[in-house]
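Asker:
Numbering (our numbering), first residue to last: 218 to 638.
(1) Could you please give the first and the last residue of the uninterrupted beta strand (DSSP E) stretch that includes residue 501?
(2) Residue range of the alpha helix (DSSP H) that residue 363 falls in?
(3) Would you be able to state if there are at least three C-beta pairs under 8 Å between the stretch 473-492 and the stretch 453-460?
(4) Work out the CA separation of residue 596 and residue 513 for me, nearest whole Å.
(5) Going by other Cβ atoms of all chains shown within 10 Å of its Cβ, with 16 needed for buried, is residue 399 buried or exposed?
(6) Alpha carbon to alpha carbon, how far is residue 476 from residue 590? Give it in angstroms, no decimals.
(7) Taking just the CA atoms, how far does residue 326 sit from residue 318?
(8) Have a look at residue 309 and residue 447 and give me their C-alpha separation to the nearest angstrom.
(9) Quick check: the Cα distance between residue 330 and residue 322, rounded to an integer number of angstroms?
(10) Identify the residues that DSSP records as bridge partners of residue 192: which are they?
(11) Using alpha carbons as the reference points, say which of 366, 349, 351, 350 lies closest to residue 357.
(12) Closest to residue 394 by CA distance: which of 592, 426, 533, 337 is it?
(13) Excluding the five sequence neighbours on either side, which residues of its own chain have a C-beta within less than 8 Å of the C-beta of residue 445, listed in chain order?
(14) Closer than 6 Å by C-beta to residue 627: which residues in its own chain qualify, once you throw out the five before and the five after it? Chain order, please.
(15) Thinking residue 610 and residue 561 are a contact (beta carbons under 8 Å), I'd like their distance in whole angstroms, please.
(16) Tell me the rounded alpha-carbon separation between residue 541 and residue 635.
(17) Measure the beta-carbon distance from residue 401 to residue 341 and round it to whole angstroms, keeping in mind my assumption that it falls under 8 Å.
(18) So is residue 462 buried or exposed if we call it buried at 16+ other beta carbons inside 10 Å?
(19) Out of curiosity, what's the CA-to-CA distance linking residue 387 and residue 352?
(20) Quick check on DSSP: helix, strand or coil for residue 446?
(21) Between the stretch 598-613 and the stretch 579-589, are three or more C-beta pairs nearer than 8 Å?
(22) What distance in whole Å lies between the Cβ atoms of residue 306 and residue 633, which are believed to be in contact at a cut-off of 8 Å?
(23) When you compare only the Cα positions, how much space is there between residue 469 and residue 564?
(24) Quick one: what does DSSP say residue 547 is sitting in, helix, strand or coil?
(25) Between residue 418 and residue 350, how many whole angstroms is the CB-CB distance? I'm expecting something under 8 Å.
(26) Pop quiz: residue 615 and residue 315 are said to be a contact at Cβ under 8 Å. What is the actual Cβ separation, rounded to whole angstroms?
(27) Here's a check: name, in chain order, each residue in its chain whose Cβ is nearer than 8 Å to the Cβ of residue 427, leaving out the five neighbours to either side.
(28) Could you check what DSSP says for residue 636 in three-state terms: helix, strand or coil?
(29) With 16 as the cutoff for other CB atoms within 10 Å, does residue 361 come out buried or exposed?
(30) For a test of the three-state rule: what should DSSP assign to residue 244, helix, strand or coil?
(31) Which residues in the same chain have their Cβ closer than 8 Å to the Cβ of residue 221, if we skip the five residues on either side of it in sequence?
(32) Classify residue 476 as helix, strand or coil using the three-state DSSP reduction.
(33) Can you tell me the Cα-Cα spacing of residue 382 and residue 510, whole angstroms?
(34) Please determine, among 567, 504, 520, 537, the residue with the shortest C-alpha to C-alpha distance to residue 557.
(35) Using a threshold of 8 Å, state whether the C-beta atoms of residue 531 and residue 506 are closer than that.
(36) I'd like the list of long-range same chain contacts for residue 608, defined as Cβ closer than 8 Å, with 5 residues on each side in sequence excluded.
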């Protein structure tokens, strides 16, 4: 696979004036390379050890809680194998035959056979607005992919007068016989951010389907802050749609019409991870400003407070009111200061790592780590596994292995399997 190098465009600082408490937010690119350090976990949650300590933790930690018996976890619990390399990958998803679709930010969709290491390109993808945090984003399969061959992609789309916005489209995936190449047919845009704005950050555009076949999309506030509280805009929201992009009539704001009808929850900043737990609850993590990264339990019609409240501060050091000062807003279940810069998210539900079932795994950009969280009555970070590179994406494979994509040029695709030693 010939993967050329691309440069990542850095974002300039911008000053944003907010409504409500008139908080001034200076917001650099969230993909900044901040030093990894011990998280201050707010809201009564137990802080985890720093990365160095996590690497030297006791050799036989135990998983307790619930009705599961305690299981001995090897230390380290997994071995890592490099499978392939990509240029600025952003997301991945497995096909039923075990092959892997991988998006690359500059606007490419790759198809990889992870057994042979052979790969090729899928053509017919939409044109993307590449730069900063923008480009090609997520890729997921329709729940009935085996019958209809439909996949869904998200991406940054160019608008008029230098504006941009996230979009989601669906198309039929046609793979060439006997090859790792193919094309998208019948591409149809089913959702767009409204309005398109200037700047190249905070698109979010993560997607997933629930058990009822509803499509969920995270819509970032595009580094403008105040749209997260504006119901005339779908920025800074979590969106719930039918698979064709239409609005389910039971959405909490469906009777308001317009883009408000799409909204399930509001008051979000930059949500780069969505996952359902075994009981069907939706969890989302999002990047905070200077501190205050969040893991949230997403509830129907709820407001998560951005930019009025945050457990972080503005980049110029000025404070933002903390969540406890405004109890009408949903507070995070876990809050990280310093930030982890979360990207990618799974809740593990396979048997290959029995001691991880029901636990969450979050990729860390600034923290250059894989972060393990548990839920239960008091969600908390359990452990942090240093990976030495920024982790962009996390996926559970068909055999239960955990797959990671690093961030940036010449990024590795890693397969994590149990440490049998």
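Note that CB positions come from ideal geometry on N, CA and C, so glycine has one too.
Answerer: Walking through what the data contain:
(1) On the chain shown, residue 501 is found 284 positions in, with the first residue counted as 1. 499-503 is the extent of the beta strand (DSSP E) around residue 501.
(2) As a working note, residue 363 is residue 146 in the chain shown. Bounds of the alpha helix (DSSP H) holding residue 363 are 362-365.
(3) Segments in contact, yes.
(4) Stepping through the chain shown from its first residue, residue 513 is reached at position 296. Stepping through the chain shown from its first residue, residue 596 is reached at position 379. The alpha-carbon of residue 513 is positioned some 10 Å away from that of residue 596.
(5) By 1-based counting over the chain shown, the position of residue 399 is 182. So residue 399 ends up on the buried side.
(6) Reading the chain shown from its first residue, position 373 is the one you call residue 590. Reading the chain shown from its first residue, position 259 is the one you call residue 476. Their backbone Cα atoms lie some 33 Å apart in a straight line.
(7) Reading the chain shown from its first residue, position 101 is the one you call residue 318. Reading the chain shown from its first residue, position 109 is the one you call residue 326. If you take the alpha carbons of residue 318 and residue 326, they lie about 7 Å apart.
(8) For the purposes of this step, residue 309 is identified with residue 92 of the chain shown, where counting begins at 1. For the purposes of this step, residue 447 is identified with residue 230 of the chain shown, where counting begins at 1. Per the coordinates, the alpha-carbon of residue 309 lies some 32 Å from the alpha-carbon of residue 447.
(9) Locating residue 330 in the chain shown gives position 113, where the first residue counts as 1. Locating residue 322 in the chain shown gives position 105, where the first residue counts as 1. The alpha-carbon of residue 330 is positioned some 20 Å away from that of residue 322.
(10) This structure cannot settle anything about residue 192, because the visible part of the chain is limited to 218 through 638.
(11) Translated into positions along the chain shown, residue 357 becomes position 140. Nearest C-alpha to residue 357: 366.
(12) Counted from its first residue, the chain shown places residue 394 at position 177. For the residues 592, 426, 533, 337, the minimum Cα distance to residue 394 belongs to 337.
(13) The residue labelled residue 445 in the question sits at position 228 within the chain shown. Only 438, 452, 453, 454, 483, 484, 485, 486, 523, 524 meet the Cβ criterion.
(14) On the chain shown, position 410 is the one that residue 627 refers to. Closer than 6 Å at Cβ, skipping near neighbours: 302.
(15) Within the chain shown, residue 610 is the residue found at index 393, counting from 1. Within the chain shown, residue 561 is the residue found at index 344, counting from 1. Contact holds; Cβ gap of about 4 Å.
(16) Here residue 541 refers to the residue found at position 324 of the chain shown. Here residue 635 refers to the residue found at position 418 of the chain shown. Each residue's alpha carbon lies about 41 Å from the other.
(17) Sequence index remark: in the chain shown, residue 401 carries index 184 (1-based). Sequence index remark: in the chain shown, residue 341 carries index 124 (1-based). Sure, about 4 Å apart at Cβ, within 8 Å.
(18) Stepping through the chain shown from its first residue, residue 462 is reached at position 245. Only buried fits residue 462, as 16 or more other CB atoms lie within 10 angstroms of its CB.
(19) Locating residue 387 in the chain shown gives position 170, counting from the first residue. Locating residue 352 in the chain shown gives position 135, counting from the first residue. C-alpha separation (whole angstroms): 17 Å.
(20) Working through the chain shown from its first residue, we reach residue 446 at position 229. Residue 446 falls in the helix class under three-state DSSP.
(21) These segments touch.
(22) Translated into positions along the chain shown, residue 633 becomes position 416. Translated into positions along the chain shown, residue 306 becomes position 89. Contact doesn't hold; Cβ gap of about 16 Å is too wide.
(23) Taking the first residue of the chain shown as position 1, residue 469 is located at position 252. Taking the first residue of the chain shown as position 1, residue 564 is located at position 347. Cα-Cα distance, rounded: 26 Å.
(24) In the chain shown, residue 547 corresponds to position 330, counting from 1. Three-state result, residue 547: coil.
(25) The residue given as residue 418 occupies position 201 in the chain shown. The residue given as residue 350 occupies position 133 in the chain shown. Right, the Cβ-Cβ distance comes to about 5 Å (below 8 Å), so this counts as a contact.
(26) What you label residue 615 is simply residue 398 of the chain shown in a count that begins at 1. What you label residue 315 is simply residue 98 of the chain shown in a count that begins at 1. Indeed they touch by this definition, with Cβ atoms about 6 Å apart.
(27) Looking up residue 427 in the chain shown gives position 210. Within the same chain, residue 427 has close Cβ partners 433, 493, 497, 499.
(28) Along the chain shown, one-based indexing puts residue 636 at 419. In the displayed model, residue 636 falls within coil according to three-state DSSP, outside both helix and strand.
(29) Locating residue 361 in the chain shown gives position 144, where the first residue counts as 1. Looking at its Cβ environment, which holds fewer than 16 other Cβ atoms inside 10 Å, residue 361 is exposed.
(30) Position 27 of the chain shown, counted from the start, is the residue given in the question as residue 244. With a pLDDT of 41 at residue 244, under the threshold of 50, the predicted position of this residue should be treated as unreliable, though the coordinate-derived value follows. Of the three classes helix, strand and coil, the one that applies to residue 244 here is coil, per DSSP.
(31) Here residue 221 refers to the residue found at position 4 when the chain shown is read from its first residue. Bear in mind that the predicted position of residue 221 carries a pLDDT of just 36, short of 50, making it too unreliable to give a figure here.
(32) Position 259 of the chain shown, counting from 1, holds the residue named residue 476. In this structure, DSSP gives residue 476 a helical state, which the three-state scheme calls helix.
(33) Within the chain shown, residue 382 is the residue found at index 165, counting from 1. Within the chain shown, residue 510 is the residue found at index 293, counting from 1. Approximately 23 Å between the Cα atoms of the pair.
(34) Within the chain shown, residue 557 is the residue found at index 340, counting from 1. When only C-alpha atoms are compared, the closest one is 504.
(35) Start at 1 with the first residue of the chain shown, and residue 531 comes out as number 314. Start at 1 with the first residue of the chain shown, and residue 506 comes out as number 289. Residue 506 is positioned such that its CB atom lies closer than 8 Å to that of residue 531.
(36) Within the chain shown, numbered from 1, the residue matching residue 608 stands at position 391. Spatial neighbours of residue 608 in its own chain (CB-CB distance under 8 Å, excluding positions within 5 residues in sequence) are listed in chain order as 560, 561, 580, 581, 582, 585, 586, 587, 621, 622, 623, 624.
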